[in-house]
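*Asks:* What the sequence shown shows, in the numbering used here, is residues 1034 to 1309, in sequence order.
Note that CB positions come from ideal geometry on N, CA and C, so glycine has one too.
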Amino acid sequence: MMNTPASHSLPVVAGIGLRAPHYAEVLERRPPLGWIEVHSENFFGGGAPLHTLLQVAQQYPVSLHGVGMGLASPDPLDPGHLRELRQLCDAVNPSSVSEHLCWNTAGGIAINDLLPFPYTRDALSHVAARVRQVQDVLGHQILIENLSYYVAFNNSEMREEEFLTELVARTGCGLLFDVNNIYVNTVNLGVDAKAFVHGIPAAAVGEYHLAGASMMGGCLVDTHSARVFDEVWALYEYTLQHIGKRPTLIEWDVDIPALAVLQGEAQKAQHRMDAP
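1. Using a threshold of 8 Å, state whether the C-beta atoms of residue 1044 and residue 1280 are closer than that.
2. At a cut of 8 Å, does the segment 1260 to 1272 reach the segment 1064 to 1078 through at least three beta carbon pairs?
3. Determine the extent of the beta strand (DSSP E) in which residue 1211 is found, giving its start and end residues.
4. For the segment 1133 to 1205, which segments carrying the alpha helix (DSSP H) assignment without a break, of at least 4 residues, lie completely within its bounds, in sequence order?
5. Could you tell me if residue 1109 is buried or exposed, where buried requires 16 or more neighbouring beta carbons within 10 angstroms of its beta carbon?
6. Compute the distance between the beta-carbons of residue 1073 and residue 1099, then report whether it is under 8 Å.
7. Taking the alpha-carbon of residue 1208 as reference, which of 1219, 1217 and 1194 has the nearest alpha-carbon?
8. Starting from the N-terminal side, write out each stretch of the alpha helix (DSSP H) that is 4 residues or longer and does not extend beyond the segment 1045 to 1117.
9. Taking only runs that begin and end inside the segment 1210 to 1276, name each unbroken beta strand (DSSP E) of 3 or more residues, in chain order.
10. Excluding the 5 residues flanking residue 1148 on each side, which residues of the same chain have their C-beta closer than 7 Å to its C-beta?
11. By the 10 Å Cβ neighbour count, where 16 or more other Cβ atoms means buried, how is residue 1255 classified, buried or exposed?
12. Over the uninterrupted alpha helix (DSSP H) stretch that includes residue 1295, give me the two end residues.
13. Could you check if residue 1228 is buried or exposed, using at least 16 other CB atoms within 10 Å of its CB as the buried criterion?
14. Mark residue 1309 as exposed unless 16 or more other C-beta atoms lie within 10 angstroms of its C-beta, in which case mark it buried.
15. Please report how far the alpha carbon of residue 1146 lies from the alpha carbon of residue 1042, in whole angstroms.
16. Residue 1043 by DSSP, collapsed to three states: which one?
17. Does DSSP classify residue 1125 as helix, strand or coil?
18. Considering only residues of the same chain and omitting the five flanking positions on each side of residue 1283, which have a CB-CB separation below 6 Å?
19. Who does residue 1283 pair with in a DSSP beta bridge?
20. According to the Cβ coordinates, are residue 1132 and residue 1177 closer than 8 Å?
21. Could you give the distance in angstroms between the alpha-carbon of residue 1191 and the alpha-carbon of residue 1205?
22. Please classify residue 1287: is it buried, with 16 or more other beta-carbons within 10 angstroms of its beta-carbon, or exposed?
23. Can you tell me whether residue 1215 is buried or exposed? The criterion is at least 16 other CB atoms within 10 Å of its CB, across all chains shown.
24. Near residue 1248, what residues of its chain come up, given a Cβ to Cβ distance below 8 Å and the 5 sequence neighbours on each side ignored?
25. Between which residues of its own chain and residue 1219 is the CB-CB distance below 6 Å, once the five residues before and five after are set aside?
26. Out of 1144, 1095, 1143 and 1115, point me to the one whose CA is closest to residue 1126's CA.
27. Report yes if the C-beta distance between residue 1150 and residue 1202 is below 8 Å; otherwise report no.
28. Decide if residue 1257 is buried, meaning its Cβ has at least 16 other Cβ atoms within 10 Å, or exposed.
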């Protein structure tokens, strides 16, 4: 089993998710960004997107964030997906690689979503084996992100934080703590956010995500389409006190604003990290 960390790590500062509308500006102006994160699948197959990313990687530390692997899916992991991700890692030499804890395929049918599953012991064994497989293929540790979900399962045998703690113990993976996701689950399903913060192994947390959400039909949806909510900032501050400072990302994927807006949100995160 390969549990070796990446050859270098992200700086413990705030960064932003880099999306296509800002590629040209970032390459031309080289603005002060602590680090950048991109969605891995957008660069599979090479071509112009990868050429752009390689130029960006010469200026900033890069994190690769996967959205399509489906670690909890019942189908076998896609060998083509793993091959493309390994090739991307070899080309970019990222400071961090992460994946969502979700499923997205069944019976050969792919669903373009990040779907939850019950936290059972059987699911834990299934996911752990797949995390080990991914780490073996890539040759270094990956971070696993907690999920925003909109249904709870009666047959879950443990809480999410317990599942993640055991997953870390079995695989040597790290955790990507998405603070906004926990807030969404708190609003929609009454999840105890502070219990989650205290329940996950602090030493395994390698990165935080912050984002904005949208209220739709009485449900808070993790849309990544707005500024970070005040309540999420408060939970982030609580997390910093109890887990510690980590590289922190501002995610914004819908209705993407000017780059300066993202930098402003990153500065808010940085101010909180710098606070005594």
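*Replies:* So, to answer that:
1. The answer is yes: Cβ separation under 8 Å.
2. Judged by pairs of C-beta atoms under 8 Å, the segment 1260 to 1272 does not touch the segment 1064 to 1078, as fewer than three such pairs exist.
3. It spans 1207 to 1211 - the beta strand (DSSP E) in which residue 1211 sits, taken as one unbroken run.
4. Within the segment 1133 to 1205, the complete alpha helix (DSSP H) runs of at least 4 residues are 1154 to 1171 and 1193 to 1204.
5. Exposed, by the Cβ-count rule.
6. Cβ distance < 8 Å, so residue 1073 and residue 1099 count as in contact.
7. When each option's Cα is compared against that of residue 1208, the closest is 1194.
8. Segments of the alpha helix (DSSP H) lying fully in the segment 1045 to 1117: 1056 to 1062 and 1080 to 1090.
9. Here the runs fully enclosed are 1238 to 1243, 1247 to 1249 and 1252 to 1254.
10. Cβ neighbours of residue 1148 beyond the five flanking positions: 1135, 1136 and 1137.
11. Result: buried.
12. For residue 1295, the enclosing alpha helix (DSSP H) stretches over residues 1292 to 1307.
13. It is exposed - the Cβ of residue 1228 has fewer than 16 other Cβ atoms within 10 Å.
14. Under this definition residue 1309 is an exposed residue.
15. Approximately 29 Å, taken between the alpha carbons.
16. The answer is coil: DSSP assigns residue 1043 none of H, G, I, E or B.
17. Here residue 1125 sits in helix by DSSP.
18. 1049, 1243, 1295, 1298 and 1299.
19. Answer by DSSP bridge pairing, in chain order: 1049 and 1243.
20. It is a contact, given that the beta carbons lie within the stated cut-off.
21. Between residue 1191 and residue 1205, the C-alpha separation is close to 20 Å.
22. With fewer than 16 other beta carbons inside 10 angstroms of its own, residue 1287 counts as exposed.
23. A residue is called buried when at least 16 other Cβ atoms come within 10 angstroms of its Cβ; residue 1215 meets this threshold and is buried.
24. The answer, listed in chain order, is 1254.
25. Around residue 1219: 1226.
26. 1095 is the residue among 1144, 1095, 1143 and 1115 whose C-alpha sits nearest the C-alpha of residue 1126.
27. For the pair residue 1150 and residue 1202, the CB atoms are not nearer than the 8 Å cut-off.
28. Note on residue 1257: 16 or more other CB atoms within 10 angstroms of its CB, so buried under the neighbour-count rule.
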